[in-house]
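Visitor: Protein chains in written order, with the working numbering: chain U, 1 to 243; chain Y, 244 to 350.
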Amino acid sequence: MNRMELFARALAAYPFRDPEPDEDAGAYIRAVLAHVRDRDLSMAEEIRLGKVQAEWTPEEARHFQEHCTDGWTGPREEFDDYVFVGTRDPGPYQPTAAVLLELASAQLEDYMAMRCQGDVPFISLLALLDTGELLLSGVDRDHRLAALKYIARTERLFGFSLVAEYFIHGVNPEGKAEKRDAVVANIGTRDLRIFRMRPFHYVAGAVVFDEAPPDVDMRGEAAAVDAYASVFVSVPPPSGPPS
Amino acid sequence: VTLWDQLTDENREALVQRIVGALPASGIPEHLRGGLVRYFADGILPGSFLQAVLCNDLQEAVTRAAPGSLSALLPLIIFLNNEAPSAAWGSRSQVLAWTTTPDRLEI
Numbered sequence: 001m002n003r004m005e006l007f008a009r010a011l012a013a014y015p016f017r018d019p020e021p022d023e024d025a026g027a028y029i030r031a032v033l034a035h036v037r038d039r040d041l042s043m044a045e046e047i048r049l050g051k052v053q054a055e056w057t058p059e060e061a062r063h064f065q066e067h068c069t070d071g072w073t074g075p076r077e078e079f080d081d082y083v084f085v086g087t088r089d090p091g092p093y094q095p096t097a098a099v100l101l102e103l104a105s106a107q108l109e110d111y112m113a114m115r116c117q118g119d120v121p122f123i124s125l126l127a128l129l130d131t132g133e134l135l136l137s138g139v140d141r142d143h144r145l146a147a148l149k150y151i152a153r154t155e156r157l158f159g160f161s162l163v164a165e166y167f168i169h170g171v172n173p174e175g176k177a178e179k180r181d182a183v184v185a186n187i188g189t190r191d192l193r194i195f196r197m198r199p200f201h202y203v204a205g206a207v208v209f210d211e212a213p214p215d216v217d218m219r220g221e222a223a224a225v226d227a228y229a230s231v232f233v234s235v236p237p238p239s240g241p242p243s
Numbered sequence: 244v245t246l247w248d249q250l251t252d253e254n255r256e257a258l259v260q261r262i263v264g265a266l267p268a269s270g271i272p273e274h275l276r277g278g279l280v281r282y283f284a285d286g287i288l289p290g291s292f293l294q295a296v297l298c299n300d301l302q303e304a305v306t307r308a309a310p311g312s313l314s315a316l317l318p319l320i321i322f323l324n325n326e327a328p329s330a331a332w333g334s335r336s337q338v339l340a341w342t343t344t345p346d347r348l349e350i
């Protein structure tokens with residue numbers, strides 16, 4: 001597969017606007033690459049290199065692993081012209097880490113069940129409030145962080161769980177770059193940050209989930225590349241019992 | 244003498260039938276189909292966007308694409324991979340070797 005074909009496949013997978021009248025081809029191709037990169041890091045790298053991941057050399061795979069997030073700015077932190085709409089479940093649910101993890105597990109299982117039926121075109125957001133209420137919503141990938149920060153500013157947010165489908169990129173022991181499909185839960189409170197992954201593959205077009213790896217604690221060094229590390233930043237902790 | 248000239252009438256007829264037969268299900272927009280048929284059937288170069296695709300020149304394809312044409316890129320490439328003679332496209336030199344109207348090449 002050459003660069004033109006990789007480019008065409010990317011445009012088909014992630015449709016993009018036409019070139020502007022005064023936009024040169026190089027600028028347009030770079031814009032497409034940025035658009036694709038935000039959705040599938042390795043697909044963008046395949047276009048850049050002009051060959052599929054399976055054909056990358058160990059050196060190219062290593063370079064990708066080390067630099068794939070260079071210059072990535074992450075999802076937007078604030079809403080622009082976007083209205084957050086959510087459903088409020090009065091509960092009450094205990095605002096504890098144990099309850100949040102239990103709710104997040106159920107949310108993850110629901111999402112996995114939906115994924116077995118077909119693509120899920122939204123990110124599932126669950127916010128557990130100090131009041132014992134739950135906020136539930138579907139958000140798009142660009143606004144997932146903005147929605148959480150909005151809730152953190154306007155509600156008494158105890159913790160959150162975001163569930164979505166992602167590509168998980170890695171390099172295998174032979175030095176070949178690999179991409180896995182996975183449903184992922186990002187769970188967090190002020191004191192807790194967990195990345196939970198449920199990888200899957202396709203058999204005759206049907207989704208089959210693989211063995212679940214252990215949860216990853218995203219605190220410490222991992223926080224440097226964690227888009228959700230800033231959710232509670234600048235939001236003072238609750239100072240008393242919920243009103 | 245181009246590669247197209249070297250086809251026997253029988254081979255040419257078979258090629259045209261294959262190309263024309265595969266186009267309806269290809270997903271290629273109507274306005275691009277005639278140019279493809281003329282290129283493979285008669286060696287006549289199509290418009291500049293299709294020329295760029297045939298030459299496998301992404302930069303030129305983007306430059307010369309009419310609004311909406313880039314979404315046809317994938318069906319075009321799949322069609323070429325599956326139905327077109329590999330010697331007739333894939334690079335500028337291969338297009339020049341196939342076409343009977345090399346003076347029309349803009350890429």
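Glycine residues also receive a C-beta, built at the ideal position from the N, C-alpha and C atoms.
Assign U:D181 to one of three DSSP states: helix, strand, or coil.
Guide: If DSSP states are grouped into helix, strand and coil, U:D181 belongs with the strands.
Visitor: Would you mind sorting Y:V296 into buried or exposed? The rule is 16 or more other CB atoms within 10 Å of its CB.
Guide: With 16 or more Cβ atoms within 10 Å of its Cβ, Y:V296 is classed as buried.
Visitor: Pick from Y:Y282, Y:E303, Y:S312: whose alpha carbon is nearest that of Y:E273?
Guide: The option with the nearest alpha carbon to Y:E273 is Y:S312.
Visitor: Can you tell which of Y:I271, Y:F292, Y:L301, Y:L258 has the C-alpha that lies nearest to the C-alpha of Y:D285?
Guide: Considering only alpha carbons, the answer is Y:L258.
Visitor: Thinking C-alpha only, which one of Y:A331, Y:A340, Y:E349 is nearest Y:A304?
Guide: The option with the nearest alpha carbon to Y:A304 is Y:E349.
Visitor: Output the distance between the C-alpha atoms of U:D110 and U:A164, rounded to the nearest integer angstrom.
Guide: Cα-Cα distance, rounded: 11 Å.
Visitor: Tell me where the beta strand (DSSP E) around U:Y14 begins and ends.
Guide: Neither: U:Y14 is in no beta strand (DSSP E) and is coded neither H nor E.
Visitor: Figure out for me which residue from U:M43, U:S42, U:A227 has the closest Cα to the Cα of U:R141.
Guide: Of the listed residues, the one whose Cα sits closest to U:R141 is U:A227.
Visitor: Give a yes or no on whether the minimum CB-CB distance between Y:P310 and chain U is below 8 Å.
Guide: So yes, Y:P310 belongs to the interface.
Visitor: Determine the direct distance from the alpha carbon of Y:S334 to that of Y:G270, and round the result to whole angstroms.
Guide: Rounded to whole angstroms, Y:G270 to Y:S334 spans 23 Å at the Cα level.
Visitor: By alpha-carbon positions, which one of U:V208, U:E45, U:A104 ends up nearest to U:I194?
Guide: The option with the nearest alpha carbon to U:I194 is U:A104.
Visitor: So Y:V305 is in the alpha helix (DSSP H); what residue range does that whole segment cover?
Guide: From DSSP, the alpha helix (DSSP H) with Y:V305 extends over 301-307.
Visitor: Apart from the five residues just before and just after U:Y14, which ones in its own chain have a Cβ nearer than 7 Å to its Cβ?
Guide: Contacts found: H35, V36, R39.
Visitor: Need the endpoints of the alpha helix (DSSP H) that Y:I321 sits in, please.
Guide: Y:I321 -> alpha helix (DSSP H) spans 316-326.
Visitor: Secondary structure at U:L134, three-state DSSP: helix, strand or coil?
Guide: Of the three classes helix, strand and coil, the one that applies to U:L134 here is strand, per DSSP.
Visitor: Decide yes or no for the touch test of the segment 163-182 of chain U against the segment 198-214 of chain U: beta carbon pairs closer than 8 Å, at least 3 of them.
Guide: Taking 8 Å as the limit for Cβ pairs, the verdict is that the segment 198-214 of chain U does touch the segment 163-182 of chain U.
Visitor: Closer than 8 Å between beta carbons: that is the criterion. Which residues of the segment 21-43 of chain U meet it against chain Y?
Guide: Result list: D24, A25, G26, Y28, I29.
Visitor: DSSP three-state call for U:T154: helix, strand or coil?
Guide: Correct three-state label for U:T154: helix.
Visitor: Strictly under 8 Å for the Cβ-Cβ distance: is U:F7 near chain Y by that measure?
Guide: Chain Y, which has a Cβ nearer than 8 Å to the Cβ of U:F7, makes this yes.
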